[in-house]
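K.L.:
Right, I'll just put the structure down here and ask away after.
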Amino acid sequence: MPVSPKNKALWLAGILITVVVLLFWQDSYRVRVRHFTIRDQAFAGVLSGKTIVHLSDPHFDRGDTAYMREILSRVAAIEPDMIVLTGDFVRWFTGHPDYAVAFELLAGLHAPLGVFAVMGDADYTLRSASCGFCHKPGSAEPPEQHQVRFLRDEWIEITVDGKTLRIAGLDCRQNMQPDLTIVDSLLAKTPTLLLSHTSLAWYRVPDNVPVFVFSGDTHGGQIWLPAFIWKMTDKKPDPDHMHGLFSRGRKYLYVSSGLGMTDVELRFGVPPEIAVFTFTGTSEQGRESE
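Note that my numbering has the sequence shown beginning at 109, numbered continuously upward.
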C-alpha cells in the first residue's frame, strides 16, 4: 500500500524531531570549558599568572559517578591554582548514595591555593547527609572525606605571593534568601572573591570596591529562552543575570550555567560548563572571553 505524501511528511517530521532531541540530550552532558581573562589591576595585583576554575550546580545522583569522574578529569587537566564552587551538589529530594557522589567530587578536587565552596538550597534536602559538606556528623571538626573549605556567612584571608586575597561565602538555605549583611563587611580595598549560590549579592556590593561574585543556581535557564521571558516569571530570584560575565565599576559577577540539570533532563542551547579565569593588569577595566 503506497504511503501518502501527508504520511511521508509526518514520518520525516517525526524522524527529524527524534534526531534533534537525541542531539540535545547528548549535549546535555557534553561539558564546555570557557576561558575568561579579567583585565583589572586590583585583581591582577594578587592573581596575575594564576588560574581559577569555577564549578556550580552538578546536581548529582547515584547514577552520575561516571559523569562526576569526567568532570574531575577535565578540571585536573586545567591544573588550576584555585577552585571555587557555588553549590547545589546534589539533586532535590535525594538520598545518602547521591551525596556520596558529591563527596567523591569534592575529595578529588585539589589546587595549590585551595578549594573553596558554598552550599546551595538543594544541598539541604537531606539534613543527616548535608552535614558532611562542612564537618564531621555530630562534630565541629572538618570532614574526613574531603578537604574543601566551605564558607557559611563568613570570610577568610589568604596570602598569594605575599599579597592578601579575601574569600567570602554566603550560605543559601531553602528560602533562597542569603544573609547579605556579610557583604557590608567587604567594603575594603582588599580584592575579594565572593561565593554565593544566587547572584543577589551582586546588588549589595558597591560599585567602587574590588569584589568578584561567583554564582550559579540558574543553569543559564537550562533551556535557552529570550531574556524577557525569564523576567516575566518568578522561576529565578535574579532574572537579569541568568548566565555569563557582568561588570560595573570595580565589581564583577559571573553566573555559571552549571553542570547538572533539574526538572527537565535536557539542555537546549545552554551546555554545561567549566569556567576558567585568568587575570591581567591594564589601564582600563574589562574582560575577554573565548
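Backbone N, C-alpha and C fix where the C-beta goes; we use that ideal spot for every residue, glycine too.
What are the uninterrupted segments assigned as beta strand (DSSP E) that are 3 or more residues long and contained completely in the stretch 141-228, given in chain order?
P.N.:
159-163, 190-194, 223-226
K.L.:
Between Asp346 and Ser307, what straight-line distance do the alpha-carbon atoms span, to the nearest angstrom?
P.N.:
What you label residue 346 is simply residue 238 of the sequence shown in a count that begins at 1. What you label residue 307 is simply residue 199 of the sequence shown in a count that begins at 1. Roughly 7 Å separates the two Cα atoms.
K.L.:
Cα separation between Ile191 and Ser364?
P.N.:
Indexing the sequence shown from 1 puts residue 191 at position 83. Indexing the sequence shown from 1 puts residue 364 at position 256. About 14 Å.
K.L.:
Give the single residue among Phe224, Arg142, Glu262 whose Cα lies nearest to the Cα of Ile290.
P.N.:
Counted from its first residue, the sequence shown places residue 290 at position 182. For Ile290, the nearest C-alpha among the options comes from Glu262.
K.L.:
Relative to the alpha-carbon of Val313, which residue among Leu288, Trp332, Gly324, Glu212 has its alpha-carbon at the smallest distance?
P.N.:
Taking the sequence shown and counting its residues from 1, the one referred to as residue 313 is at position 205. Selected option, being the one with the closest Cα: Leu288.
K.L.:
If you draw a straight line from the C-alpha of Ala184 to the C-alpha of Ile382, how long is it?
P.N.:
In the sequence shown, the residue the question calls residue 184 occupies position 76. In the sequence shown, the residue the question calls residue 382 occupies position 274. Ala184 and Ile382: Cα-Cα distance of roughly 12 Å.
K.L.:
Fully enclosed by the stretch 222-262, which alpha helix (DSSP H) runs are 4 residues long or longer?
P.N.:
235-238
K.L.:
Examine the Cβ distances between the stretch 329-338 and the stretch 146-164 and report whether three or more of them are shorter than 8 Å.
P.N.:
Taking a contact to require three or more Cβ pairs closer than 8 Å, the stretch 329-338 and the stretch 146-164 do not qualify as touching.
K.L.:
Would you kindly work out how many angstroms separate the C-alpha atoms of Ser236 and Arg199, rounded to a whole number?
P.N.:
Numbered from 1 along the sequence shown, position 128 holds the residue referred to as residue 236. Numbered from 1 along the sequence shown, position 91 holds the residue referred to as residue 199. Using only the alpha carbons, I get a separation of about 15 Å.
K.L.:
Classify Arg312 as helix, strand or coil using the three-state DSSP reduction.
P.N.:
What you label residue 312 is simply residue 204 of the sequence shown in a count that begins at 1. Residue state, collapsed to three classes: helix.
K.L.:
Roughly how many angstroms lie between the CA atoms of Ala225 and His218, to the nearest whole one?
P.N.:
Looking up residue 225 in the sequence shown gives position 117. Looking up residue 218 in the sequence shown gives position 110. Separation of Ala225 and His218 (C-alpha to C-alpha, rounded to the nearest whole angstrom) is 13 Å.
K.L.:
Check whether the stretch 172-179 and the stretch 207-214 touch, using three or more Cβ-Cβ pairs below 8 Å as the test.
P.N.:
The stretch 172-179 vs the stretch 207-214: in contact.
K.L.:
Taking Cβ positions, are Thr194 and Leu163 nearer each other than 9 Å?
P.N.:
If you number the sequence shown from 1, residue 194 lands on position 86. If you number the sequence shown from 1, residue 163 lands on position 55. Judged by beta-carbon spacing, Leu163 lies within the 9 Å limit of Thr194, meaning their Cβ atoms are closer than that value.
K.L.:
State the Cα-Cα distance for the pair Gly394 and Arg358, rounded to the nearest angstrom.
P.N.:
As a first step, residue 394 is located in the sequence shown; it is residue number 286 there, counting from the start. As a first step, residue 358 is located in the sequence shown; it is residue number 250 there, counting from the start. Residue placement at Gly394 cannot be trusted, given a pLDDT of 45 that sits under 50; what the coordinates show is reported in the next sentence. Cα to Cα, the separation comes out at about 10 Å.
K.L.:
Taking 9 Å as the CB-CB limit, is His351 close to chain B?
P.N.:
In the structure shown, chain B does not exist; there is a single protein chain.
K.L.:
Reducing DSSP to helix, strand and coil, say where Thr289 ends up.
P.N.:
Position 181 of the sequence shown, counting from 1, holds the residue named residue 289. Reduced to three states, the DSSP call for Thr289 is helix.
K.L.:
Looking only at its chain, what residues have a beta carbon closer than 6 Å to the beta carbon of Phe322, apart from the 5 residues adjacent to it on each side?
P.N.:
In the sequence shown, counting from the first residue as 1, residue 322 sits at position 214. Scanning its chain for C-beta atoms nearer than 6 Å, with the 5 sequence neighbours on each side dropped, one finds around Phe322 the residues His162, Val192, Thr194, Leu303, Tyr362, in chain order.
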